[in-house]
Amino acid sequence: MSEKHQTNKRKEQLITTLIKTSVFLPIGRTVILDYLERITFKSIVENARRRLKEVQKKKFYFIKALLRCAFKNLERGYISKEVGKKIIDTLVRAHWTEGKYEISAREKFKNKYGFGPPSFLVLSPTQRCNLRCPGCYAAAKRNAPSLSFSIVERIVKEAHDILGNRFMVISGGEPFMYESEGKTLFDIWEKYNDMFFLVYTNGTLINKEIASKLAKLGNVTPAISMEGFEEDTDKRRGKGIFKKILEVASNLREAGVPFGASLTATRENINTLLKDEFYEFLFEKLGVTYIWLFQLMPIGRARIVKELMLTPEQRVALFKKWVYLLEKKSYCIADFWNSGVLSDGCIAYGRTGGYFYIDWNGNIMPCVFIPYYEDNVFQLYKEGKTIADALFSEFFKRGRKWQDEYGFAHQSNPNNWLMPCSIRDHYVNFKKNILTKKAKPEDRDASIAIKSKNFEKFLDAFDKKLAELTDSIWKREYLAKGLTSKN
Ligand code: SF4
Numbered sequence: 002m003s004e005k006h007q008t009n010k011r012k013e014q015l016i017t018t019l020i021k022t023s024v025f026l027p028i029g030r031t032v033i034l035d036y037l038e039r040i041t042f043k044s045i046v047e048n049a050r051r052r053l054k055e056v057q058k059k060k061f062y063f064i065k066a067l068l069r070c071a072f073k074n075l076e077r078g079y080i081s082k083e084v085g086k087k088i089i090d091t092l093v094r095a096h097w098t099e100g101k102y103e104i105s106a107r108e109k110f111k112n113k114y115g116f117g118p119p120s121f122l123v124l125s126p127t128q129r130c131n132l133r134c135p136g137c138y139a140a141a142k143r144n145a146p147s148l149s150f151s152i153v154e155r156i157v158k159e160a161h162d163i164l165g166n167r168f169m170v171i172s173g174g175e176p177f178m179y180e181s182e183g184k185t186l187f188d189i190w191e192k193y194n195d196m197f198f199l200v201y202t203n204g205t206l207i208n209k210e211i212a213s214k215l216a217k218l219g220n221v222t223p224a225i226s227m228e229g230f231e232e233d234t235d236k237r238r239g240k241g242i243f244k245k246i247l248e249v250a251s252n253l254r255e256a257g258v259p260f261g262a263s264l265t266a267t268r269e270n271i272n273t274l275l276k277d278e279f280y281e282f283l284f285e286k287l288g289v290t291y292i293w294l295f296q297l298m299p300i301g302r303a304r305i306v307k308e309l310m311l312t313p314e315q316r317v318a319l320f321k322k323w324v325y326l327l328e329k330k331s332y333c334i335a336d337f338w339n340s341g342v343l344s345d346g347c348i349a350y351g352r353t354g355g356y357f358y359i360d361w362n363g364n365i366m367p368c369v370f371i372p373y374y375e376d377n378v379f380q381l382y383k384e385g386k387t388i389a390d391a392l393f394s395e396f397f398k399r400g401r402k403w404q405d406e407y408g409f410a411h412q413s414n415p416n417n418w419l420m421p422c423s424i425r426d427h428y429v430n431f432k433k434n435i436l437t438k439k440a441k442p443e444d445r446d447a448s449i450a451i452k453s454k455n456f457e458k459f460l461d462a463f464d465k466k467l468a469e470l471t472d473s474i475w476k477r478e479y480l481a482k483g484l485t486s487k488n
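The structure is reproduced here in structure tokens:
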């Protein structure tokens, strides 16, 4: 290691120690929170070059909310010191010092392919689940397929080594049910301890023992699925599930593991999701650090329940609620479709800083909500390739071209990022200009959906109405507020 690199390594250790020491002292916490907020504002808003000012401000509000929610839970002991330290280690290394004393995998990828790699992938190692919720995209069956542990490990290693990923999302099926070759996902989380894992789970299997194992690891955060209070949650997930979630949340708080809630908005629970009371319950009482808000997508079994999908008017109401909760209450919430400004639009197709999705059959899809694929890990591995090769399929390339044209490549005047979704918000375009002939449907439902004229008519009408409702908000609230001042 050269002298310069050794100096950088020492700096990393110093920064990490400083943050770790101050974060656990009340006075230090206030100082460091204030400092982090100031530097975040400076780098995201003041120093951003010719970006829409309001887009950058929303990103700032989001990071500020995340910091505040995390610091508050540290203070309450809901995030233990050990876990807090581990998160700081991983984040400092991944975001502030990676590449400072060695060429990072991300840089190597960029030099080789001419664009930055995706920041993460979503991996669903199993379709098996202990619940059967109507509308779930996993359409889970009890004896559903799983990837073998060797394949899961190979995927994680490639994401780590080739794409330089230090963050990964595990979905399902139910990840805590996964078992193969005598191993579970704990073996992955333990081995890849310089990565941070967000795990979507129904939570029901997280007993005290599992919670304490997660606390020891310190690099996993469960996002627990729920619909609302007891009535909404039990209606979709089954009787007694809400009470079970309260118990699980208590296990996680006691162990000091940060966790979040994953909410699916439908026409049935929208009224709950528009109430402050629900978010106050989640953040103040249950102790979540973040909320990921999804809106029911009419794919998988949800094709059958498309009448549960939010109307365009309800989606706009939820967008306004999100802005209010983020800016006025500093609640860390991201709404997968209404928060498109946080990610500069759609993040699918392995876009730079974005993601892609691998399911239990090894099919490689652009997004969890786009159930079509060209490549499969087994076939790639047979040909001596890696998961990175899937990023260069015609399907993925067309998707990235659309993202670029829509706004990602011209961020001073993007199209309406209040409807960023390449499939749901622009369905006709998706079928015509992104989906390739070679792309295969993931399952029977996806196959029926893509051939159905009625389904296309339904989504096209949704998209047109949504454009009518949001174009004026986009112009008034984002475009008209101008650009950040740096040239
Ligand atoms: S395709 Fe839609 S759901 Fe998927 S990342 Fe893009 S915006 Fe999000």
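Residue numbers (the numbering used here): 2 to 488.
For each residue, glycine too, the CB sits at the ideal point set by N, CA and C.
Which of helix, strand or coil DSSP assigns to residue i
i	result
Thr273	helix
Val289	coil
Val258	coil
Gln296	strand
Thr202	strand
Tyr479	helix
Ala410	coil
Asn434	helix
Asp235	helix
Phe357	strand
Val369	coil
Ile189	helix
Ile334	strand
Ser181	strand
Asn252	helix
Asp376	strand
Lys441	strand
Arg50	strand
Ser423	coil
Phe197	strand
Thr127	strand
Ser340	coil
Range covered by the beta strand (DSSP E) that runs through residue i
i	result
Ser263	261-266
Leu392	From DSSP, Leu392 is part of no beta strand (DSSP E); its letter is neither H nor E.
Phe459	Premise fails: Phe459 lies in the alpha helix (DSSP H), 454-474, not in any beta strand (DSSP E).
Pro223	221-227
Ile171	168-171
Phe121	121-124
Neighbourhood of residue i by C-beta distance below 7 Å, restricted to the same chain and skipping five residues each side
i	result
Phe61	Thr41, Phe42, Ile45, Val46
Arg167	Thr91, Ala95, Asp195, Met196, Phe197
Val123	Val170, Ser172, Tyr356, Tyr358, Val369
Arg52	Gln412, Ser413, Leu484, Thr485
Gln14	none
Residues of its chain near residue i, where Cβ-Cβ distance is below 6 Å and the 5 sequence neighbours each way are ignored
i	result
Ala440	Tyr373, Glu375, Phe396
Phe116	Thr353
Gly23	A small correction: the amino acid at residue 23 is Ser; Gly does not occupy that position in the sequence shown. Around Ser23: Gly29, Ile33.
Lys111	Gly117
Lys322	Leu275
Asp233	Asn270, Thr273
Proximal residues to residue i (C-beta, below 8 Å), its chain only, five neighbours per side dropped
i	result
Asn417	Ala468, Thr471, Asp472, Trp475
Tyr280	Ile292, Leu326, Lys330, Tyr332, Ile334
Cβ separation of residue i and residue j, assumed to be a contact under 8 Å, to the nearest whole Å
i	j	result
Glu180	Leu206	Their Cβ separation, rounded to whole angstroms, is 12 Å, which puts Glu180 and Leu206 out of contact at 8 Å.
Arg155	Ala145	So it is not a contact: roughly 21 Å between Cβ atoms.
Ile225	Ala262	6 Å
His427	Asp390	His427 to Asp390, Cβ: 27 Å. No contact.
Ser151	Glu182	7 Å
Thr17	Ile89	6 Å
Ala250	Asp162	Not confirmed; about 35 Å, so no contact.
Leu215	Ala256	7 Å
First through last residue of the alpha helix (DSSP H) which encompasses residue i
i	result
Phe110	106-114
Ala160	150-162
Asn74	54-76
Gly174	Element bounds for Gly174: n/a, residue is neither H nor E.
Asp90	82-92
Thr485	Careful: Thr485 lies outside any alpha helix (DSSP H) and carries neither H nor E.
Tyr325	313-328
Glu210	209-218
Gly29	27-42
Quiz item: What residues sit near the ligand SF4, counting only those whose C-beta is closer than 6 Å to one of its heavy atoms, in chain order?
Solution: Phe337, Cys347, Ile348, Ala349, Cys368, Phe370, Ile371, Pro421, Cys422, Ser423, Ile424, Arg425
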